[in-house]
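Just so you know, the sequences run in chain order A, B, C and D.
The first sequence lines up with residues 9 to 818 when you count with the working numbering.
The second sequence lines up with residues 2 to 102 when you count with the working numbering.
The third sequence lines up with residues 948 to 1450 when you count with the working numbering.
The fourth sequence lines up with residues 29 to 544 when you count with the working numbering.
What follows is one structure encoded as structure tokens, with my remarks underneath.
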Amino acid sequence: MENLGLLAPLVVLIPSIGAIINIFWGARLGEKWVGSIATIASALTFGVVVLLYVFMNYNYYQGVNVNPPVFESWINIPSAGLNIPWQQRVDSLSVTMMLIITGIGTLIHVYSIGYMHGDERYHRYFAFLNMFLAFMLVLVTANNYLVMFVGWEGVGLCSFLLIGFWFDRSGVAWRNSLAARKAFIMNRIGDFGVIMSMVLMFAVFGTLTYYEAGEVANPTYNEHLVEEIQHEAEAAEADLATGISEVTVGEVANAGEHTAAEPAPAEGQHAAPAEGEHETGPALPATSNDSIVYEDLGVFSRAQILSEQGGDVVVGPFTMPITTALTLITLFLLLGATGKSAQIPLFTWLPDAMAGPTPASALIHAATMVTAGVYIMVRSNVLFELTPTTMAVVALVGSATALVGGFIAMGQWDIKRVLAYSTVSQLGFMVAAVGVGAFGAAIFHLVTHAFFKALLFLASGSVIHGVEHGHHHVHEHGHDDEHDDHEEAFDPQDMRNMGGLRRRMPVTYFVYLIGTLALMGIFPLAGFWSKDEILADAWTAGLQDNNVIGYIVFGLLLVSAGFTAFYMWRQIVLVFHGKPRTEAAGHAPESAKMMLVPMLVLAFFSFFGGFMNTPRGVLGLEKIFGPHELTEWLESSVMRVHAGEFYLWIAILSLVVAIGMAIMANRIYARVPVFNRKRDPLEMMEATQQMWTMANARLYWDNFYDRIFVNPFRRTSAWLATELDDRFLHDWVHNKVLWNGFNAIAHFLSRDVDQKVVDGAVNGAGRVTRWGANTLRRSQSGYIRVYAITLLFGVVVVVLVLLLPLLQRG
Amino acid sequence: MVTQIEPYVMLSIVLFVLGVMGVLLRRNAILIFMSIELMLNAANLSLVAFASYWGQTSGQIFVFFVIAVAAAEVAVGLAMIVAIFRTRQSINVDDLHQMEG
Amino acid sequence: MLYIPTLEQLNLMAALPAIAVAAWACVLVIVDLLLPKSRKGLIPWLAVGGLVFALIAALLTFSDNGSAFLGMYRADAFTGFLNVVVLLTAILSILMSIRYVQRTGIIRSEYYILLMFSALGMMLMASSTDLVMIFVALELLSIPLYVLSAFRSPDPKSEEAGLKYFLLGAFASAFFVFGAALVYGATGTTQLELVFASAGRVLESNSPHLFYLVAGAGLMLVGLGFKAAIAPFHVWTPDVYEGAPTSVVAFMSVGAKLGGFAALMRIAMVAMGGVLMNDAEIRQAWQGLLSLLAALTVFIGNLVAIAQQNVKRMLAYSSIANAGYILIALAAGATPGLQDAAVRAILVYLITYLFTTLGAFAVVIVLEKDDGSGVMLDDFIGLGRSRPLLAFMMAVFMLSLIGVPLTAGFIGKLAVFGVAVNAGLIGLVVFAVIMTVVSAYYYARIIVNMYLRDGEGQPVPEEGHALRWATYICFVGTLAVGILPTLVTALSDQVVLATALLP
Amino acid sequence: MELTGLSLATVVLFLPMVGMIILLFLREEQARNIRLVALGTSIVTFLFSLVLWAQFDPNNTSLQFVQQTPWIPSLNISYYVGIDGLSLFLVILTTFITPIAILISWRAHVFEERGRQKLYYIFMLLLEWAMIGVFIAQDLILFYLFWEVTLVPMYFMIGIWGSEQRVYAAVKFFLYTMAGSLLMLVAILYLGLTAGTFAQPEIVQMMQSGQLVLPLDGVFSTQSLLFLAFFIAFAIKVPVWPFHSWLPDAHVQAPTAASVILAAVLLKMGSYGMIRFNLQLFPDASVDWAPFVAVLAVIGIIYGAWVSYAQTDMKKLVAYTSVSHMGFVVLGIFAMASASINGSILQMLNHGISTGGLFLIVGMLYERRHTRQMSAYGGLWATAPLLGGIALVIALSSMGMPGTNGFVGEFTILLGSVGSPLTGVVFTLLAATGVILAAIYILAFFQKVFMGEVKHEENRSLPKLHWTELAVLVPIVIMILWIGLAPNTFIAPMDPSVNALVQEVQPAETEIAQLP
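This is how it looks when you write it as structure tokens:
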């Protein structure tokens, strides 16, 4: 079983094969086959990931590097010391990510079979989806930044393809493709940061690899692991492996039982691998990196060593202190993360990205891809911890984004757009967590958010699907003639066209409600635990490290949490409560089973997912679920992770805020059963009108970018192309100055100099001669004489030049 | 034997320059041609003078060749001038500028 | 005392090619009288036969080293090389002329005989080592050309060209004679080697002799530069080229230039060699003068050519420009130690120039209509379609004139620029190179018209076999020299002109 | 090959000539045979060049497949050819692109109008011959010869079979390149005559051993001027900003195949020349001039990308992208780090493949709709999915998507330039913005042409891809992915040579910060 790690290449290979099959043969296979192939590929991958998870337990949570059997090296320039292998890293962090990606991915595949039914490019959709999985898995499994970057840009590409999936849908074709392009370009700005970060990293450290073979991510972790294994080997002799096969994401907590301080609980599944393989298995991992030479270390250890030593590093022509270099590296990395994870200043693409099919939004733009930025920052936790400046920036960027996203979400009408801004806001939570050093909390929130946000998106897809069907239903039955008029304008995503769907779509309502409550952070749903941990960690950062940033983050996030509750409850009320506001909503059918099942699974995890990282001291829950299971599981691969404190007052405060805001939203929106279809109650109230307009206009952020960047770019581009390059360089410099000037000189010489000037010289010379010879009347010059005098002129020149040295000599 | 060569050279130069000016100022092709003959004869004069100065004959032989060649030139030149006079009824060289540029 | 040299002393065999041409030309004069009118078509072929014989003789005696006519005639590799070039030129020109003179109505048997005499003059220009001989050769070269230029009489253009050429040529010759007289006055000899040898004495004596020598050399440069069309003595060229029959122009453009430069090389390297080697100041002045003239020539030739619409006239300016390139090498030859390299470069350039220019003129002859029109740039439009092969060859000739590699022109430019760079005349070379780019512009225009401009080509009369084969020879020559320059350099490397005189 | 006394390099060089001679004996009417002979010849040449690759010894940094015979003995000029890691893949690129260019010409519309196929394919093979020659010539004069000869067929191909303004473009192309290269000739002459030989390796050796010293003390010193003479010739060809004015004209007017070759190979001659001649012959001057060149390169990267965004003509857009991409190449060369030079050579291949591919796509669209204006298209991905998909792959490669070839080149260039004392972080930062700009223009292009609604009815029924078109696109896509995923195949043979070069140029100056 210790060789299970070698399965890692399969997680990339299987979805790739699925994508290839569907791209090339999908058009001929038919919907059923296409959907099955893609889903099976995804499910198989999930299976492999589960095996990897098992492997992690057998391997004492020790990460391994996996090289693909063929094709080992990617870029290898020996003379430059650059060697980038196609190497994967299987450790607790990457396995966590993989579980999320493939698990939720599989559910969304299943959902998509129903959702995309009848689309003319069905096979293309599933091919892209599989391709996305492959790239996303490359991203999280990579063992160096460059391979990670392949996945990083690859998922960007898939995002582009899926946002622009309906690039020719009549009416919105241009908008869709523009959104796709915008997403790609914004991401590219981030990628620019990643590239810069990587080249700087290589210039400073000489490697891009996370961990070399034999290197351990967290030496301190392994030390107590060793003790523990010995201890347990004695204690749990009789226990046989039982529950491994049942391991799912939700039960991650069960597998990480190893804290020395706690007596081992009765089940002790963890001991099974240890027991079985202890004698014959691999030697215990090295407990520290001390014995390894610098050259054999990965970038993180090198950074630590260099940073401990202090001093200057030489980067090209510049010499700078190591902290400066690290700050540059991490700031550029942050730029990359803001692009991918939709943070300020690069978040504006994400709401537009909702142009794509909803399941794709759920997978890519809510659950997985957008968390890549958080993932890479957690992965680079060592680098970030070494640079306080960057950490402060990260924290501020994250909490500001959380606030801005939450604020804008309150003023949106589009059901998906609200969720998109909510995603922006929640990603802000995660980034802020990274900023205050709560790497574990960031990943925790990433996981729970993946559950409930994917759920919300899928449910919203179900709603849209239903409303659309309802609309078609109405249209087919043709109730009144007006329909033709607003036919064009009907938007199935506009919440103003909904209402009262609770009765028409009960299952959807149920899961939506769970998702909403989880997102709001209501006890004991998943969101409560993760959000609370972030808040608590922010407070701890402020308290312990006397870091004022921590308090700021805490405050901003608390406000954002309030916003979250408000806009989510507003959505619930607008969509499901009250009475249908359109006939379409009134006729919306419940979605097919194919779509409901995945939602129910996700609802389950949204409810219980939070228990994977239960803090100590909450109603004794940790006795049931184990305390800080996720955090401790991550400890083996994330050096700076630490279990957060639990503050009861913070939990209560955040609950109060959330519930209070939800009640307020309920009061505002539910009190007005059928409000004006076009206007929001907040908009009609004097006090809030301005605020609402701001939120609705997305804080004018896009307009601001258009004005500051986009339009000047376009104008400059046009100016450069037409004025500078075409008119000036091409037409003027080249055609006028060089070309015409050249011709003009030629003609001048030919017509004027060769004839007239020589003529003139002849006339002048002739005048002198005439004066001398008194032959004025013969002043007309004939051509032969012109030539003759030219000749004579030449003679004079020749003789003078030759005699000059002699004359000088005297 | 000539011992003082400079006066001869000066004279031939003067003659030569006169010839050149004739070429430059005259319009009649025959007169131009005569001016050229004058230039040649200026050269001849100096050749003879130099031959005497060096006490040799090669200069004089040169002169013979020049005279002979000049005669050939006269033959060709006059024939050409006559031919042109036939077509144009003029031997004014200023009329000869059909080609330019 | 009467000195009568024996036949052995005259050493006629050494001058066999020249004597063969002279004798055969005289014979043809008689034959022409005897032949009936219907058989006069034989004359050109007889002329070609004689010239081919002379060519073979020249090739066989190529590496002979000797002198004839008591040192007035020198047979060495230099002579041999130039003889080959002249004879090739003459043969090709005659082949190009046969059909042309028939259809333009200027057929007279004297045409070929005059051409042969002119060729003889050119050969003698190369081989003469005595000022008297050079003068005679110069006139022998020129006088037939004056007549040939006016050969299309009563066409006014042709007559005008003839008279202009004649008057200006005679004018220039007068300078040459006066220059020769001054050199003779300075040194007391007309033998070039003796002029070389007396340099030391002239330099030492504090008499005006040095003045005479230097001024004389300058005046001779004028006379010969006129023939070679060096600016500012080039003024006759465009008019004469435009007016004279094209076949004559073809011959003249190569032959006259060749004759002029041949004698110029002898004078510059041999006669002036002594002074130049011993007096740095004069050498600088001399080199500076030649560089100046070279720059001027290249400049005027290339720039004015751009404005031309008449291809004959354009080629005339092109020929001026080419004289400039040769002059660059001549200027480089003033640097001690580079004399022979310069001479070789010039010889290589001349042979590349021969094939290219004759080829270009051959194509012009094909295109020219009976009344002399049809030689404008626009007349080349569509040639690529109507006569693909002809157009292709013309394109190659143009590329060769530009100096694109794999054509002869490149080898010539390489040789010339190479020696100039060696002599340190970098600035001059850079200037010449820039002018070469300029030249690419007008040469390319012909290609553009032939291939790129839309339009139907005019009907082009069928050229005779002789002309076609002459064109082929030029074409093959252009490419052969371009690809395998050793064909030429093997011959030119044997040339030793200046260093032969050194002790 | 030893039996015949010819090195394999010579064989590869003269194979196109064989085809040319066969073509000369075919009549214009035998169009089919003409095409087959041309294609066959180029494919055989390609296969032989693969043998070249197979027999190439990557660990040998000196020249291989050498052949040296005197050509003009009086000037010490010889026919001297050989291949090392710097030139191997450029030769293969040439032989790879030529069959593609020939095949895409098979069905070209332009022949119906202008005819003269035989001449066209003769020029094609002549061009291939000269291009191979440029990359394998080791004698300066021989190099110059091939360099100039490439002008002629390209001039005609643009001039005869080009679009409306072809004559203007052809003449401009000819004169610009000529102007640059003649100055180079002067420099070559000076160098060769000073050294007494024109053989590049011998001159390099003489300079290393101190036998030949080219003084360098200021801008107008010998070495600096020689450097400039070479550099300007190459810069015009590359083209380095601001010498690029000829490029859009030439590209836009040229027929598809000529655009492909022009972009894919001819531009590389310039950058190859910079490596082979500027860096090797004038190492010190190169170091002195490097920051200046880097400035031009960076301006080119940004400027080219920026300008191409505003284009409405597809070919012009792609033409300007060349300015941007080649800016990367030049930056990499003058960063003089081994990573960046490896990257530059790789990027030369990449640019050849990707931009060649873009021109192929544009050419195919042009064949179908007879317009290059982007506004005439739109939504093609729906009506021509295969073409759209392939276009997307090529576009991604052009914008440097990881996993495609473009990324590997750009990244290694940036990697090298950031650590190079000659360029450093600031240049790298500016150059890296090219990555963003590339996404902007390429996506704009892709969106305008392939996405959105189908606005023009003609676009609904575009002819399907013909097998010849597929046959040229598939190798391009394969190469894009191959270089993108396994660049080591290409880096391994070139790296030792590059390393040797870097050691010559700049010993021990590029070091990664080590432990104290």
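The beta-carbon is built from N, C-alpha and C at its ideal position, and this holds for glycine as well.
Please read these numbers as outputs of a predicted model, since none were measured by experiment.
For residue i, report the span of its beta strand (DSSP E) as first-last.
i: asparagine 73 of chain A; result: 72-74
i: valine 109 of chain D; result: 105-111
Excluding the five sequence neighbours on either side, which residues of its own chain have a C-beta within less than 6 Å of the C-beta of residue i, listed in chain order?
i: glutamine 1234 of chain C; result: Ala1278 and Ala1281
i: glycine 1190 of chain C; result: Lys1104, Ser1105, Glu1107 and Ala1108
If I follow the unbroken alpha helix (DSSP H) through residue i, where does it start and stop?
i: isoleucine 109 of chain A; result: 100-123
i: tyrosine 300 of chain D; result: 295-301
i: tryptophan 1014 of chain C; result: According to the sequence shown, residue 1014 of chain C is serine rather than tryptophan. Not the alpha helix (DSSP H): serine 1014 of chain C falls in the beta strand (DSSP E), residues 1013-1015.
i: isoleucine 33 of chain B; result: 30-55
i: aspartate 523 of chain D; result: 516-533
So, at 7 Å on beta carbons, what are the nonlocal neighbours of residue i in its own chain, with the 5 sequence-adjacent residues on each side left out?
i: leucine 442 of chain D; result: Thr456, Ala459 and Ala460
i: glycine 161 of chain D; result: Leu41 and Phe174
i: methionine 1224 of chain C; result: Pro1283
How long is the line joining the alpha carbons of residue i and residue j, rounded to whole angstroms?
i: isoleucine 112 of chain A; j: alanine 705 of chain A; result: 33 Å
i: asparagine 516 of chain D; j: glutamate 438 of chain D; result: 15 Å
i: leucine 219 of chain D; j: tyrosine 713 of chain A; result: 55 Å
i: asparagine 555 of chain A; j: alanine 549 of chain A; result: 6 Å
i: leucine 1274 of chain C; j: tyrosine 196 of chain D; result: 34 Å
i: tyrosine 229 of chain A; j: threonine 346 of chain A; result: 31 Å
i: leucine 211 of chain D; j: valine 19 of chain A; result: 58 Å
i: isoleucine 260 of chain D; j: methionine 364 of chain D; result: 19 Å
i: asparagine 84 of chain A; j: glycine 444 of chain D; result: 13 Å
i: isoleucine 33 of chain B; j: isoleucine 1090 of chain C; result: 17 Å
i: leucine 145 of chain A; j: glutamate 230 of chain D; result: 53 Å
Is residue j closer than 8 Å to residue i when the C-beta atoms are compared?
i: alanine 573 of chain A; j: alanine 670 of chain A; result: yes
i: isoleucine 753 of chain A; j: leucine 1061 of chain C; result: no
i: tyrosine 133 of chain A; j: glycine 469 of chain A; result: no
i: isoleucine 352 of chain A; j: alanine 408 of chain A; result: yes
i: glycine 1411 of chain C; j: arginine 1046 of chain C; result: yes
i: leucine 521 of chain A; j: isoleucine 451 of chain A; result: no
i: proline 524 of chain D; j: asparagine 61 of chain D; result: no
Q. Unbroken alpha helix (DSSP H) runs of length 4 or more, entirely within the stretch 230-272 of chain D: which are they?
A. Whole alpha helix (DSSP H) segments, 4+ residues: 250-265.
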